[in-house]
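J.: Attaching a single structure in structure tokens format; questions to follow.
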Amino acid sequence: MNILSFLVIIPLLTIAGILAAKDAQKAKVISAIGMGIQLIVSFAIVYLYLTERRNGNTDEMLMVSSFEWFKSLNIYYTVGVDGISVAMIALTSIVVFAGVYASWEMEDLKKEFFISLILLATGVFGFFISLDLFTMFLFYELAVIPMYLLIGIWGSGPKEYAAMKLTLMLMGGSALLMIGLFGIYFNSAPDGGELTFNIIEISKITIPIEAQRWFFPLTFVGFGVLGALFPLHTWSPDGHSSAPTAVSMLHAGVLMKLGGYGCFRVAMFLMPEAANEMAWIFIILTSISVVYGAFGAIVQKDLKYINAYSSVSHCGLVLFAILMMNQTAMTGAIIQMVSHGLMTALFFALIGMIYGRTHTRIIGEMGGLMKVIPFLGVAYVIAGLASLGLPGLSGFVAEMNIFFGAFEHPDTFHRVATIIAVTSIVITAVYILRVIAILLLGPVRDPHYAEFNDASWYEKLTLVALITGIVYIGMLPSGLSGIIRESIMPIVNKLM
Amino acid sequence: MSPENFLMMRHELVLTLAFLTILIAEVFTNEDKKEKFRSFGIVLFALVTAIGMLPAPEGSLFGGMYQAGGTTTLMKNILNIGTLIVLMQSYTWLGRPENRDKIHEYFLLLISTLIGMNFMISAGHFLMFYLGLELATIPLAALAAFERYQNRSAEAGIKLILSSALSSGILLFGLSMIYGTTGSLYFPEVASRVAAMPLTLLGFIFFFSGMAFKMSLVPFHLWTADVYEGAPVNISSFLSVISKGAAAFIFIIILFNVFPVIIHTWERIIWVIAVLTITIGNLFALRQKNMKRFLAFSSIAQAGFFLLGFIGGNKLGMTTVIYYALIYIFTNLAAFGIVALIAEKTGKESMDDYDGLYKTNPKLSLTMMLALFSLAGIPPVAGFFGKFFLFAAAAEKGFYVLVAIAVLNTIVALYYYLLVVKAMFINKSEQPIPAFKSDFFSKLGLAICIAGIVITGFASGLFEMIRNLSYGI
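Line by line, the protein sequences give chains P and U.
Going by the numbering used here, the letters in the first sequence line up with residues 297 to 792, in that order.
Going by the numbering used here, the letters in the second sequence line up with residues -7 to 465, in that order.
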């Protein structure tokens, strides 16, 4: 059995364990154990991957294994990883692990909650290890659908509306994607021979350019919906603000990365000619995403909305960087995915914890929290500083790479787009510092705040796990960017 | 012709035998043992289904009137499985006092319509096809009017028989034109003489309309919702799944075998009808509050999805039509089974009544959710695989626009399926449907459906088997 398949099997076993548990209280313990093992396995995979590479294995994908599934259609369950997927797997396992602890005080329908949450995680892990477009698509949809129940049942505010909007928009995206995948599949053997869904196989042939012109935009937009591509990002603020804490963490932290990952792994990698032709359209759209998201965050009053818009901005930056199609910018894009995943998960976790104490998410109704809950306060400041790109934290590394790479293009169009996108840094600073000033500093707003307890052990565990990741990437970026850089080369070479 | 040759007709013969057994057994059943007749009938039919699975000889009988092959045997087995589930789900309902004296009638009618469907599928001649079709339809009308003291059931019966008679008339008219232009009613002979002449095409269009009635394709669907709502729920589920499946099977066989020459005509017709059926079925389903009507319109839309497998005339298309029919049987019967069970136990049929169902009946709600997700085509349940391959079949022949319309329609469908999920899991209710216990056969029927929904998709072997038995033009 290939070690990668464990990433799918462990969550499924965890679900089985939760189902078998008689006591609903045990659901969270089982989930924590399962996801703890998952975390260990993920890092074992990172280690194995690094060892293989150090031993001089230069294959594009490592740990590949393949099972025949639908033979006549040439559909295989094929898994394998390169540096990019390894980074995403590590990110996912940290966020899911933290997410389980962030839901430690979940009261209502515990079993069902953890089952849906872990089912979602199964989809995400499966997506990142898949090398076959069919299984990739299967896992993609599997990751989206539990969101409906997670937001609809355990959410807050206009949860039913938000859940329905999110599900329908994302499934709409996957509908476009499905057509794109058919287009790729039925053009995967232009010279005759067997059609295939295998990404590596398809990357070796050239899909006819006429087909690419049709199916590249469908695929890119299909994934782009999940990556909050303007103007299809509107599910994100509503969805994130209504979702329960752990779900916001997972969704903004990991699920939105599926979009970016799919955009370059499928759309751009397999249809490079059309990608080059049409990149300009999407560069304009993503530049708008980046700036619009940041401005959106400035005017919001609700902490979750602020963070949701900030996610639109940051994920827009991921797509923006991918479209720059050079090694530096694309490396930056992947680092940004990991960095934003950790950072936004940290934000949402903190918002959940603060809301648990103050019972409001409106920033104007709070103040002086730093004095009463210093641990959470400091964590919030760290998250904020990472978000606005302070050197030493992960956001800086990512944005440096992205903007350096983007500016490498000598032509006016790319440079103007880059300059527009760079302005988001300033706007980000405005909304982050504004929140920190109102929320954390100043006099204690309410005398009842004195009764607040600072973070409990499981809250600290959540926060420390995430902050460790952020600081590690910020201080020692070479480890992460090293494994990403070499894996990005085949994709960049194809795009050149 | 040696007696062994009759073994080719094994499905029909075994069903006839079961029919006679029930007829005779009924005579010897005491009044007070009538209740037990239900179990007897179900076990007997399970036996029939099992016998059907045995390998069968292939060939043709009666000078080509009757044809048996791997494909037809597979189709008949699928119909048998579906009927078995319907019978299991009818168990509670048949136990009603007013149904006590009619239990054997129920079995007899259901078996005779199934015999008709089997003959229809095995037809090698339009006359045989028509005989089978009528044998399949007339008992169905009796079944729809089974609760004859209730106005709406009687109304459903009369609506079904009238619209069937009309559609059969249209179909016969079409056949007469085809006979007039080709001079034969044998499938192979017609196939070799069909040409794109105006009269043949006109005949084909009449034939097509007749079949569209049976499959309840838009714009020939108007009888569907009324009949489904009025008929007993189990009959509605039989109509929406087995009857529709049988019509789809013979339709695809005839299109592929008899009319391959005029594929360019019928693929255009199917294109339009598919778009209309899927879209209108979905749009009407959006507004339904009665669960039976809701499922009726959703099943109209589903019938439209079947057409995506027809349109290319390719091997993958036939494979997916059969494969999807199998999945659809498990899926839709699970949904109908739950609606039937709830209607039987509490008399509630409205979507609003399902509010908060998860709190009181978690297992039923989860099964319903699985079924709805499968209908919507959400992984990892079987409906996803079925839909994906159906769309792939149409995409293989380049019908990308049609696929796009169908795929976008699945989003509309997802919306209304989620409405039911929302009612069960999210909405709160002052008076939820109370928790209840179901009997053994209802549970078994649902368990088979769940197993089918979960396993059929992953079981690639099944898909490959169906593919080996399918053919394209």
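Glycine is no exception: its CB is placed at the ideal position from the N, C-alpha and C atoms.
Please read all numbers here as calculations on a predicted model, not as lab measurements.
Show which residues of chain U have a CB atom less than 9 Å away from the CB atom of W531 (chain P).
T.: Along the first sequence, read from residue 1 onward, the residue named residue 531 (chain P) stands at position 235. Ordered by position in chain U, no residue passes the 9 Å Cβ test against W531 (chain P), which lies about 13 Å from the chain.
J.: Taking contact to mean at least 3 C-beta pairs separated by less than 8 Å, is the segment 261 to 270 of chain U in contact with the segment 279 to 290 of chain U?
T.: Taking 8 Å as the limit for Cβ pairs, the verdict is that the segment 279 to 290 of chain U does not touch the segment 261 to 270 of chain U.
J.: Quick one: what does DSSP say H213 (chain U) is sitting in, helix, strand or coil?
T.: On the second sequence, residue 213 (chain U) is found 221 positions in, with the first residue counted as 1. DSSP places H213 (chain U) in coil when its eight states are reduced to three.
J.: Cβ closer than 7 Å: which chain U residues qualify as neighbours of S368 (chain P)?
T.: One-based indexing of the first sequence puts residue 368 (chain P) at position 72. Those are E456 and R459, listed as they occur along chain U.
J.: Tell whether a beta-carbon distance below 8 Å holds between K435 (chain U) and D347 (chain U).
T.: Working through the second sequence from its first residue, we reach residue 435 (chain U) at position 443. Working through the second sequence from its first residue, we reach residue 347 (chain U) at position 355. For K435 (chain U) and D347 (chain U), no; Cβs fall outside 8 Å.
J.: Using a Cβ-Cβ cut-off of less than 7 Å, give me the residues of the segment 457 to 471 of chain P that come near chain U, in sequence order.
T.: Within the segment 457 to 471 of chain P, the qualifying residues are M460, T463, L464, M467, G468 and A471.
J.: Quick check: is the beta carbon of G448 (chain P) nearer than 8 Å to any beta carbon in chain U?
T.: Here residue 448 (chain P) corresponds to residue number 152 of the first sequence, with the count starting at 1. True, the Cβ-Cβ gap to chain U drops below 8 Å.
J.: Is DSSP giving G688 (chain P) helix, strand or coil here?
T.: One-based indexing of the first sequence puts residue 688 (chain P) at position 392. Coil.
J.: Output yes if chain U places a C-beta closer than 8 Å to the C-beta of M621 (chain P); else output no.
T.: Working through the first sequence from its first residue, we reach residue 621 (chain P) at position 325. M621 (chain P) does not count as touching chain U.
J.: Leaving out five residues on either side along the sequence, give the residues of the same chain with a beta carbon under 6 Å from the beta carbon of E356 (chain P).
T.: Residue 356 (chain P) sits at position 60 when you count from the first residue of the first sequence. For E356 (chain P), where only same-chain residues beyond five positions count, the Cβ hits under 6 Å are P786.
J.: Starting from the C-beta of I162 (chain U), find all residues in its chain whose C-beta is less than 7 Å away, skip the five residues before and the five after it, and write them out in chain order.
T.: Within the second sequence, numbered from 1, the residue matching residue 162 (chain U) stands at position 170. Excluding sequence neighbours, I162 (chain U) sits near F198, S201 and G202.
J.: Which residue from P:G778, P:L405 and P:G332 puts its Cα closest to that of A761 (chain P)?
T.: Taking the first residue of the first sequence as 1, we reach residue 761 (chain P) at position 465. Residue P:G332 is the option with its Cα nearest to A761 (chain P).
J.: Could you tell me whether the Cβ of F240 (chain P) comes closer than 8 Å to any Cβ of chain U?
T.: Since the displayed chain P opens at 297 and closes at 792, residue 240 (chain P) lies outside it and no answer follows.
J.: Please list the terminal residues of the continuous beta strand (DSSP E) segment that includes V375 (chain P).
T.: On the first sequence, residue 375 (chain P) is found 79 positions in, with the first residue counted as 1. Its beta strand (DSSP E) spans residues I371 to V377.
J.: Is it the case that the segment 493 to 503 of chain P contacts the segment 435 to 445 of chain P, given that we only count it when at least three CB pairs across the two stretches are under 8 Å?
T.: Verdict: no, contact absent.
J.: Please confirm if E437 (chain P) has its CB atom under 8 Å from at least one CB of chain U.
T.: Numbered from its first residue, the first sequence carries residue 437 (chain P) at position 141. With 8 Å as the cut-off, E437 (chain P) counts as an interface residue toward chain U.
J.: Would you mind working out which of P:T541, P:E348 and P:W400 sits nearest G451 (chain P), comparing C-alpha positions?
T.: Counted from its first residue, the first sequence places residue 451 (chain P) at position 155. It is P:T541 whose Cα lies nearest to the Cα of G451 (chain P).
J.: Kindly provide the ranges of any alpha helix (DSSP H) runs that are 4 or more residues long and lie completely inside the segment 714 to 771 of chain P, ordered along the chain.
T.: You should have 753 to 771.
J.: Residues of the segment 477 to 508 of chain P in Cβ contact with chain U at a cutoff of 8 Å, in chain order, please.
T.: The segment 477 to 508 of chain P vs chain U, Cβ under 8 Å: F478, G479, Y481 and F482.
J.: Could you tell me the alpha carbon to alpha carbon distance between N351 (chain P) and L358 (chain P), rounded to whole angstroms?
T.: Stepping through the first sequence from its first residue, residue 351 (chain P) is reached at position 55. Stepping through the first sequence from its first residue, residue 358 (chain P) is reached at position 62. Answer to the nearest angstrom: the Cα atoms are 12 Å apart.
J.: Chain U beta carbons: is any one of them nearer than 8 Å to that of W400 (chain P)?
T.: Sequence index remark: in the first sequence, residue 400 (chain P) carries index 104 (1-based). No, its Cβ sits nowhere closer than 8 Å to a Cβ of chain U.
J.: At a Cβ cut of 8 Å, what residues of the segment 744 to 757 of chain P count as close to chain U, listed as they run along the chain?
T.: Going along the segment 744 to 757 of chain P in chain order, one finds no residue with a Cβ nearer than 8 Å to chain U.
J.: Based on Cα-Cα distance, which residue from P:I780, P:T654 and P:L684 lies nearest to F748 (chain P)?
T.: Residue 748 (chain P) sits at position 452 when you count from the first residue of the first sequence. If we check each option's Cα against that of F748 (chain P), P:T654 comes out closest.
J.: State the Cα-Cα distance for the pair N298 (chain P) and S361 (chain P), rounded to the nearest angstrom.
T.: Counting from one through the first sequence, the residue named residue 298 (chain P) turns up at place 2. Counting from one through the first sequence, the residue named residue 361 (chain P) turns up at place 65. Roughly 7 Å separates the two Cα atoms.
J.: Does K414 (chain U) have its Cβ less than 8 Å from a Cβ in chain P?
T.: Taking the second sequence and counting its residues from 1, the one referred to as residue 414 (chain U) is at position 422. Closer than 8 Å: yes.
J.: Between Y372 (chain P) and chain U, is the shortest Cβ-Cβ distance under 8 Å, so that the two count as touching?
T.: Sequence index remark: in the first sequence, residue 372 (chain P) carries index 76 (1-based). Output row for Y372 (chain P): interface = no.
J.: Who are the neighbours of P372 (chain U) on chain P, taking C-beta pairs under 8 Å?
T.: As a first step, residue 372 (chain U) is located in the second sequence; it is residue number 380 there, counting from the start. Residues of chain P passing the Cβ test: L434 and L438.
J.: Thinking just about the alpha-carbon of each residue, which of P:I698, P:L642 and P:R781 is nearest to the one in V618 (chain P)?
T.: Sequence index remark: in the first sequence, residue 618 (chain P) carries index 322 (1-based). Note on identity: in this sequence residue 618 (chain P) is Ile, with Val being the wrong assignment. Checking every option, the nearest Cα to that of I618 (chain P) belongs to P:I698.
J.: Please identify the residue among P:M633, P:A328 and P:S301 whose C-alpha is closest to the C-alpha of I311 (chain P).
T.: As a position in the first sequence, residue 311 (chain P) is number 15, starting the count at 1. Nearest of P:M633, P:A328 and P:S301 to I311 (chain P), Cα basis: P:A328.
J.: Runs of 3 residues minimum, wholly inside the segment 36 to 87 of chain U: which ones carry the beta strand (DSSP E) assignment?
T.: Fully enclosed beta strand (DSSP E) runs of 3 or longer: 51 to 53 and 58 to 60.
J.: By DSSP's criteria, N282 (chain U) is part of a beta bridge. Which residues make up the other side?
T.: Numbered from 1 along the second sequence, position 290 holds the residue referred to as residue 282 (chain U). Per DSSP, U:S342.
J.: Keeping to the same chain, check which residues put their C-beta closer than 7 Å to that of L247 (chain U); ignore five residues upstream and five downstream.
T.: The sequence position of residue 247 (chain U) within the second sequence is 255, counting from 1. Taken in chain order, the residues that qualify are W258 and F302.
J.: For E259 (chain U), return the contacting residues in chain P, with the cut-off set at a CB-CB distance below 8 Å.
T.: As a first step, residue 259 (chain U) must be located in the second sequence, where it is residue number 267. Chain P residues near E259 (chain U): none, gap ~17 Å exceeds 8 Å.
J.: Relative to chain P, which residues along the segment 406 to 435 of chain U have a C-beta separation below 9 Å, given in chain order?
T.: So the list reads L406, Y407, L410, L411, V413, K414, F417, I418 and N419, given in the order they occur along the chain.
J.: So who's on the other strand from D598 (chain P), going by DSSP bridges?
T.: For the purposes of this step, residue 598 (chain P) is taken as the residue at position 302 of the first sequence. Note: D598 (chain P) sits in a beta bridge opposite P:I658.
J.: Could you give the first and the last residue of the continuous beta strand (DSSP E) run that contains M359 (chain P)?
T.: Here residue 359 (chain P) is taken as the residue at index 63 of the first sequence, counted from 1. Unbroken beta strand (DSSP E) run through M359 (chain P): L358 to F366.
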